[in-house]
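Asker: Chains as they are written, first to last, in this note's numbering: chain F, 20 to 147; chain L, 20 to 147.
My questions will all concern the structure given below.
Number of protein chains: 2
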Amino acid sequence: MTTGESDPMSVLGRRDEVTCRVRDVLDRVGSKWTVTVIHELGSGSRRFTEIKNAVPGISQRMLTETLRGLERDGLVERTVHPVVPPRVDYELTSLGRTLLESVRTVLDWALEHVDDIDVARKAYDGRT
Amino acid sequence: MTTGESDPMSVLGRRDEVTCRVRDVLDRVGSKWTVTVIHELGSGSRRFTEIKNAVPGISQRMLTETLRGLERDGLVERTVHPVVPPRVDYELTSLGRTLLESVRTVLDWALEHVDDIDVARKAYDGRT
Chain F
20 MTTGESDPMS VLGRRDEVTC RVRDVLDRVG SKWTVTVIHE LGSGSRRFTE
70 IKNAVPGISQ RMLTETLRGL ERDGLVERTV HPVVPPRVDY ELTSLGRTLL
120 ESVRTVLDWA LEHVDDIDVA RKAYDGRT
Chain L
20 MTTGESDPMS VLGRRDEVTC RVRDVLDRVG SKWTVTVIHE LGSGSRRFTE
70 IKNAVPGISQ RMLTETLRGL ERDGLVERTV HPVVPPRVDY ELTSLGRTLL
120 ESVRTVLDWA LEHVDDIDVA RKAYDGRT
């Protein structure tokens with residue numbers, strides 16, 4: 020096992036402030052709603068209702084919370100246009116765009132192995 | 020926007036059974052505890068207490084749940100050795116090893132951008 024600083028994973032085993040922050044970021048990045056919203060915004064600027072329609076199953080409240088979290092993290096920019104009724108657009112920041120690339124590998128993994136996981140679960144549930 | 024089947028991300032916008040399963044897998048893969056436990060087991064077989072010590076901040080109950088979920092998904096294998104007291108080892112399956120590689124890109128992203136996110140949060144909290 021590599022435990023030196025050269026191994027980025029080694030940070031996870033340390034109980035310090037950076038570890039907590041990285042874990043917190045990991046939890047956000049890994050959320051299924053974050054991944055889906057980031058993906059949708061990867062195609063360009065969207066209004067709230069457009070995102071809601073593009074993400075089947077997400078509640079109004081969960082989408083509001085997801086977008087607020089992404090805005091707070093500097094991953095999404097929210098623009099209010101001074102029209103009546105006000106128009107609010109959401110788009111990825113440059114930081115958000117770098118995340119779009121990163122989550123893709125994990126999504127590819129999930130898509131590739133979802134059937135393997137199903138088989139494993141059925142076998143597990145049959146044993147217990 | 021690419022909406023064809025050739026874009027793996029496009030599956031996220033569909034309200035069908037596969038989408039739900041992939042989202043479910045994504046949520047598991049993205050969990051900070053999953054990432055940390057998978058990382059620790061990446062170094063080899065471990066006993067429960069060894070994992071607990073290597074993952075600062077995880078509770079007994081959360082570790083039990085995390086390991087049970089990983090076992091059910093076929094990512095971790097649990098072996099009970101018939102000794103007194105019983106010895107229980109956990110190790111990654113071959114499927115679990117493929118996940119180890121995939122989460123690394125996301126972890127690298129988190130490590131690289133944790134400071135950018137902090138700056139963004141402070142700016143956001145200062146505005147609201």
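Cβ coordinates follow ideal geometry from the N, Cα and C atoms, glycine included.
What is the DSSP secondary structure of Leu-45 (chain F), reduced to helix, strand or coil?
Answerer: The answer is helix: DSSP assigns Leu-45 (chain F) an H, G or I state.
Asker: For His-100 (chain F), which residues does DSSP report across the bridge?
Answerer: Answer is F:Arg-106, bridged to His-100 (chain F).
Asker: Mapping DSSP to helix, strand and coil, what is Leu-126 (chain F)?
Answerer: Helix, per DSSP.
Asker: What is the rounded straight-line gap between the Cα of Val-56 (chain L) and the Cα of Val-41 (chain F)?
Answerer: Going by the C-alpha atoms only, they are around 15 Å apart.
Asker: If you compare alpha carbons, which of L:Arg-47, L:Leu-130 and L:Gly-76 is closest to Arg-87 (chain L)?
Answerer: For Arg-87 (chain L), the nearest C-alpha among the options comes from L:Arg-47.
Asker: Could you please tell me which residues of the segment 80-103 of chain F, in chain order, have their CB closer than 7 Å to any CB of chain L?
Answerer: Residues Glu-90, Arg-91, Asp-92 and Gly-93.
Asker: Does DSSP put Val-133 (chain L) in a helix, a strand or coil?
Answerer: Looking at Val-133 (chain L) - three-state DSSP - the assignment turns out to be helix.
Asker: How many Å lie between Val-138 (chain L) and Thr-68 (chain F) at the Cα?
Answerer: Those two C-alpha atoms are separated by around 29 Å.
Asker: So, is Gly-61 (chain F) buried or exposed, given that buried needs 16 or more other C-beta atoms within 10 angstroms?
Answerer: With 16 or more other Cβ atoms within 10 Å, it is buried.
Asker: Look at the Cβ atom of Leu-89 (chain F), then the Cβ atom of Gly-115 (chain F), and state whether they are nearer than 9 Å.
Answerer: Against a cut-off of 9 Å, the Cβ pair of Gly-115 (chain F) and Leu-89 (chain F) comes out as a contact.
Asker: Start and end of the alpha helix (DSSP H) containing Ile-77 (chain F)?
Answerer: Counting along the chain, Ile-77 (chain F) falls outside any alpha helix (DSSP H), and DSSP gives it neither H nor E.
Asker: Using a Cβ-Cβ distance cut-off of 9 Å, determine whether Arg-140 (chain F) contacts chain L.
Answerer: It does; some Cβ of chain L falls within 9 Å.
Asker: If we ignore side chains and look at the alpha-carbon of each, how far apart do Ile-70 (chain F) and Thr-117 (chain L) end up?
Answerer: One C-alpha to the other measures close to 32 Å.
Asker: Looking only at C-alpha atoms, which of F:Lys-141, F:Ala-129 and F:Thr-147 sits nearest to Asp-43 (chain L)?
Answerer: Ranking F:Lys-141, F:Ala-129 and F:Thr-147 by Cα distance to Asp-43 (chain L) puts F:Ala-129 first.
Asker: If you draw a straight line from the C-alpha of Ile-104 (chain L) to the C-alpha of Ser-121 (chain L), how long is it?
Answerer: The sequence as given places Pro at residue 104 (chain L); Ile does not occur at that position. Using only the alpha carbons, I get a separation of about 36 Å.
Asker: With distances taken from CA atoms, which of F:Val-125, F:Ser-64, F:Thr-124 and F:Gln-79 is nearest Leu-111 (chain F)?
Answerer: Nearest of F:Val-125, F:Ser-64, F:Thr-124 and F:Gln-79 to Leu-111 (chain F), Cα basis: F:Ser-64.
Asker: Classify Glu-59 (chain L): buried if its beta carbon has 16 or more other beta carbons within 10 angstroms, exposed otherwise.
Answerer: The residue in question, Glu-59 (chain L), is buried, as its Cβ has 16 or more Cβ neighbours within 10 Å.
Asker: Could you check which residue in F:Cys-39, F:Asp-135 and F:Leu-45 has the C-alpha nearest to that of Arg-18 (chain L)?
Answerer: For residue 18 (chain L) there is no data in the structure shown, the boundaries of chain L being 20 and 147.
Asker: Please list the terminal residues of the continuous alpha helix (DSSP H) segment that includes Leu-60 (chain L).
Answerer: Residues 51-60.
Asker: Comparing the C-beta of Ser-64 (chain F) with each C-beta of chain L, is any distance below 9 Å?
Answerer: Chain L, which has no Cβ nearer than 9 Å to the Cβ of Ser-64 (chain F), makes this no.
Asker: Spell out whether any CB of chain F is found under 9 Å from the CB atom of Lys-148 (chain L).
Answerer: The displayed coordinates of chain L run from 20 to 147. Any statement about residue 148 (chain L) would go beyond what the structure contains.
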